[in-house]
Amino acid sequence: MAKPELRAERRVSVTCHGTLRLGDTTAPCLIQNMCSRGFLIKSSTALPVGRVLQLRCELYPEKTVECTVEVRHVNADCLGARVIEISDDGRILCSQFLEEQHAASLAGGAAAQQG
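Below, the structure written as structure tokens:
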């Protein structure tokens with residue numbers, strides 16, 4: 526039996542390129558899904574749970590969001606990170622992006638059912 530979803534907010538599947546930064550060290554990453562409070566990130570950099578770092582992610586061409594995240598869980602493929610600090614502009618950009626992505630996924634699902 527599948528475990529029930531415990532998150533209060535639905536995550537939206539995305540494919541966004543980003544960069545993780547800790548001090549002067551940066552590493553590329555790929556955002557696989559997100560909500561306003563967190564990201565699922567694919568990265569080749571091993572990071573421990575509890576690590577706080579900067580995430581920069583391009584949501585639209587030449588429009589990026591930057592925030593501070595904390596690693597909440599890690600598995601072989603990816604890590605879950607919770608947003609702990611983000612600017613008001615970043616929060617607005619994320620909300621707009623999430624709404625558009627969610628609407629597009631609903632429209633795609635409806636089109637698939639009709640076809």
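Note that the working numbering gives residue 607 to position 82 of the sequence shown, counting from 1, and the numbers run on in steps of one. Glycine included, each C-beta is placed from N, C-alpha and C at the ideal position.
Presumed contact (8 Å Cβ cut-off) between residue i and residue j, rounded CB distance
i: residue 578; j: residue 594; result: 6 Å
i: residue 592; j: residue 608; result: 5 Å
i: residue 574; j: residue 546; result: That belief does not hold up - the Cβ atoms of residue 574 and residue 546 are roughly 18 Å apart, past 8 Å.
i: residue 569; j: residue 534; result: Actually they are not in contact, since the Cβ atoms of residue 569 and residue 534 sit about 28 Å apart, beyond 8 Å.
Three-state secondary structure (DSSP) of residue i
i: residue 552; result: strand
i: residue 615; result: helix
i: residue 538; result: strand
i: residue 587; result: coil
i: residue 628; result: helix
i: residue 623; result: helix
i: residue 547; result: strand
i: residue 593; result: strand
Separation of residue j from residue i, as counted between CA atoms
i: residue 606; j: residue 629; result: 24 Å
i: residue 548; j: residue 556; result: 21 Å
i: residue 640; j: residue 624; result: In this predicted model, residue 640 has a pLDDT of only 47, less than 50, meaning its place in the structure is not dependable enough to derive any value.
i: residue 542; j: residue 604; result: 15 Å
i: residue 572; j: residue 588; result: 26 Å
i: residue 615; j: residue 559; result: 14 Å
i: residue 600; j: residue 553; result: 18 Å
i: residue 586; j: residue 632; result: 22 Å
Proximity below 8 Å, CB of residue i to CB of residue j
i: residue 551; j: residue 540; result: no
i: residue 537; j: residue 626; result: yes
i: residue 580; j: residue 564; result: yes
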